[in-house]
Structure formats: C-alpha cells, structure tokens
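Only one structure is covered here, and it is reproduced in the block below.
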Amino acid sequence: MFAVTGASGHLGRLVIDALLSRTDPRNILALARDPAKLADLAERGVTVRAFDYSVPDSLAAALGDVDRLLLISSSEVGQRETQHRAVIDAAKAAGVGFIAYTSILHADANPLDLAVEHRGTETALQESGISYALLRNGWYNENYTIGLDGVVEHGVLIGSVGEARVAAASRKDYAEAAAIILAQEPPETNTYELAGDSGFTQAELAAAIAAASGKPVVYQDLPEADYAAALEGFGIPGPLAHILADSSAKAGKGALFDDSGTLGRLIGRPTTPIAVSVQEALQG
Ligand SMILES: NC(=O)c1ccc[n+]([C@@H]2O[C@H](COP(=O)([O-])OP(=O)(O)OC[C@H]3O[C@@H](n4cnc5c(N)ncnc54)[C@H](OP(=O)(O)O)[C@@H]3O)[C@@H](O)[C@H]2O)c1
C-alpha cells in the first residue's frame, strides 16, 4: 500500500494522479485531515482515511497496512516539525517500511527561515531507523503565478531576488518525481535535490508575463523590508509576508538555484519552463 499525506492539497492531488497512472487504485491510500475533500478519489477506488498531523494519537491506526508513505510537509508553518515528528513516530509504531518526505532544496545548508523545520524533520527521519528518501523540492513555478492578474494590470513584478536565478519547476513535475520514488524499489539514493532544469531571473519572468499577456511588464527589485511591507499592503498577514520576503532575498543570494538536472532525469522529460506555467495561469 502506497500512502500519501496532505492528499487534499495541490501537490498531494497531483501525486495521487501520478500514482493512479502507475498502480491500481486499491494500492493507494489518500490521507487528509478532512476526508470529505477526497470523495472523488474514494469513488475511483482509492482508500481514503482521516489523518490530522495535530492529533498524534490517531495517526498510527491509519497507517497499519502501509508499506511506503509519502509525508507531504504541512502548510502550518511553525507547527510543522512537531507535526512531522508525530507522523514519523506513528509510522514507526505502525511498521511502515519507507518514508519519502517533501523537504526543501539543499535543506542541510539552505539559509531560508522556511528551511529550519525541514532540517528538523530530516533529522527526525535519520534518527527514526526507517528507510527514507528526502525529496528536497525547489520552488514551485506556481509561487510566481499567483496574483498574475495584478502584475499584468500594474505592469510591475516586485521582489527582492535581484538578478539571481531561481530553478523552479511545476508542482506536477515534483509530484511525478514523488510518485516515482514512492513506487520504485529501492531508491537509487536517499537524497534528491529537485529543481527546474534551468533557472530564470525575475527580469526573465517579467518578460515571460509580458509575452503571454501582450502587456508591458518590468521587474522592480526592492529591499527585503520594503518588499515585506508591500506584501502586507496586499493583505498578506505580517508573519507570512516576512517569511516570503526572507525567501525572496535569500533566493537573491542563490539559495533556490540548482543545476544538477536530477528532477528532469527522474521524471524522464524536461521540467516545465516558467513561461509555460505563466501561459497556463493567464489562460485560467
Ligand atoms: N516548494 C514550494 O515552492 C512550496 C510552496 C508552498 C508550499 N510548499 C510546501 O509543500 C507542501 C505541499 O504543497 P501544496 O502546494 O500541496 O500545499 P497546499 O495545497 O497548501 O496543501 C497543504 C496540505 O497540507 C494539509 N495539512 C495542513 N495542515 C494539516 C494537518 N494539521 N494535518 C493534516 N494535513 C494538513 C492540507 O490539508 P487541508 O486540505 O485540510 O488544508 C493540505 O492537504 C505545503 O504544505 C508546504 O509545506 C512548498
């Protein structure tokens, strides 16, 4: 049985789709804190169970028949290491044989504030004694396609990345890699630095948005504090705005770049160019 946590999220849904193209639905267990969100998968023969990272005592029972588990990192920043440790403890108690975990690119040395909880989770996995794989995912293309209408309307893309390159790929690319590693036996290594084939600068991203929309768009680089303030001005809560600005500024120092080509090799095709994701997002 292949189990996927966070199956109601964007990445989880895409992983389940990728697994469905590789194995019988009866071999797939989709775990979500609200199983009602997965009614369509249950109808297709996928087993669906409740799984809330914040209810530790309930987790082991849900994993009883699981051989290989994909732990998709929680979206509840600040609670994640505690939540992930609860899942790892439950997996151990339930006798799960393998855990793949969606970490962050170059987690061991990544300076982003967001990397701290990923490092803690990687340590917990290493100490668990369970066989594991670290899927160190780079940025999603989709991080740059949220709010594109506003960018097109104002003709300005803002950030703190400067002229650095970010090697992003689409969620679908990362999902396919996760499904492959979950379903293959055994993984060739246990640490995968997963990123887009070729990075792009924010000026190149602005040019891709301009080309896809037919409207002029330029990139305006801001100091980190000004970028955080601008994000707050758009209604993003302060703590999240600061995390996003921290990520942007550190991407500006190369923290989200990788040119190993590991993701493309794993999925057996080029990763999705940012221009394609931009075009898809603008087409709605
Ligand atoms: N690499 C990147 O660029 C990037 C960008 C954003 C996020 N991430 C990370 O990658 C993860 C997956 O990305 P995504 O796009 O799929 O995010 P997403 O759409 O926000 O999905 C997050 C998933 O986590 C689940 N979750 C949150 N708290 C939970 C809890 N207490 N117990 C069980 N499940 C819980 C959510 O369940 P509900 O459906 O019930 O809310 C949802 O299924 C994120 O959670 C985050 O850690 C990476």
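So that you can map any letter, position 163 of the sequence shown is 845 in the working numbering, and since no number is skipped, the others follow by simple counting. Just so you know, even glycine gets a beta-carbon here, dropped at the ideal spot from N, CA and C.
Do the stretch 765-781 and the stretch 733-741 make contact, defined as three or more Cβ pairs closer than 8 Å? yes
Could you give the first and the last residue of the continuous beta strand (DSSP E) run that contains serine 813? 813-819
State the Cα-Cα distance for the pair serine 810 and glycine 746, rounded to the nearest angstrom. 17 Å
Compare the beta carbon distance of alanine 772 and isoleucine 786 with 7 Å and say whether it is the shorter of the two. no
Taking only three categories from DSSP, how would you classify leucine 807? helix
Measuring CA to CA, which of Gln902, Arg847, Ser852 and Gly760 is closest to leucine 922? Gly760
On the three-pair Cβ rule with 8 Å, is the stretch 957-966 touching the stretch 887-894? yes
Where aspartate 716 and leucine 696 are concerned, what is the direct C-alpha to C-alpha distance, given to the nearest angstrom? 17 Å
Do alanine 671 and leucine 711 have their C-beta atoms closer together than 7 Å? Nothing in the structure corresponds to residue 671, since the chain is present only between 683 and 966.
When you measure from the CB of histidine 692 to every non-hydrogen atom of ligand 1, does any distance come out below 6 Å? yes
Ordered along the chain, which non-local residues of its own chain (more than five positions away) have a Cβ less than 8 Å from that of serine 740? Ala732, Phe733 and Asp734
Comparing alpha-carbon positions, which option in Ala865, Arg726, His788 and Ser959 lies nearest proline 664? Since the first residue of the chain shown is 683 and the last is 966, residue 664 is not available in this structure.
Beta-carbon within less than 6 Å of valine 778's beta-carbon, same chain only, minus the 5 sequence neighbours each way: which residues are those? Leu745, Val748 and Leu751
Within the same chain, show all residues whose beta-carbon is closer than 6 Å to that of glycine 878, passing over the 5 residues directly before and after it, in chain order. Ala849, Ala850, Ala851 and Thr953
If you drop the 5 nearest sequence neighbours on each side, which residues of the same chain put their C-beta closer than 7 Å to that of glycine 920? Glu914
What would DSSP say about aspartate 699, mapped onto helix, strand or coil? helix
In angstroms, rounded to a whole number, what distance separates the CA positions of alanine 714 and valine 728? 13 Å
In chain order, what residues of the same chain have a beta carbon less than 8 Å from the beta carbon of glycine 837, not counting five sequence neighbours either side? Lys897, Pro898, Val899 and Val900
So does tyrosine 822 have its beta carbon nearer than 6 Å to some heavy atom of ligand 1? yes
Enumerate in chain order the residues of its own chain whose CB-to-CB distance from alanine 889 is below 6 Å, with the five nearest sequence positions on each side excluded. none
Find out if the Cβ-Cβ distance for the pair aspartate 941, glutamate 875 is shorter than 7 Å. no
Which of the three DSSP states is assigned to alanine 732 in this structure? strand
For histidine 788, which residues in the same chain have their Cβ closer than 8 Å to its Cβ, ignoring the five residues on either side in sequence? Arg818, Glu875, Ala937 and Asp940
Residues bridged to asparagine 882 by DSSP? Checking the displayed sequence, the identity of residue 882 turns out to be phenylalanine instead of asparagine. Bridge partners of phenylalanine 882: Val848.
Between isoleucine 754 and ligand 1, is the CB less than 6 Å from at least one heavy atom? yes
Alpha-carbon spacing of glutamate 804 relative to alanine 775, whole angstroms: 18 Å
Using a Cβ-Cβ cut-off of 7 Å (strictly less than) and excluding sequence neighbours within five positions of isoleucine 956, which residues of its own chain qualify? Asn823, Tyr826, Ala850, Phe882, Leu887 and Ala890
Apart from the five residues on each side of it in sequence, which residues of its chain come closer than 7 Å, Cβ to Cβ, to glycine 844? Asp903 and Gly934
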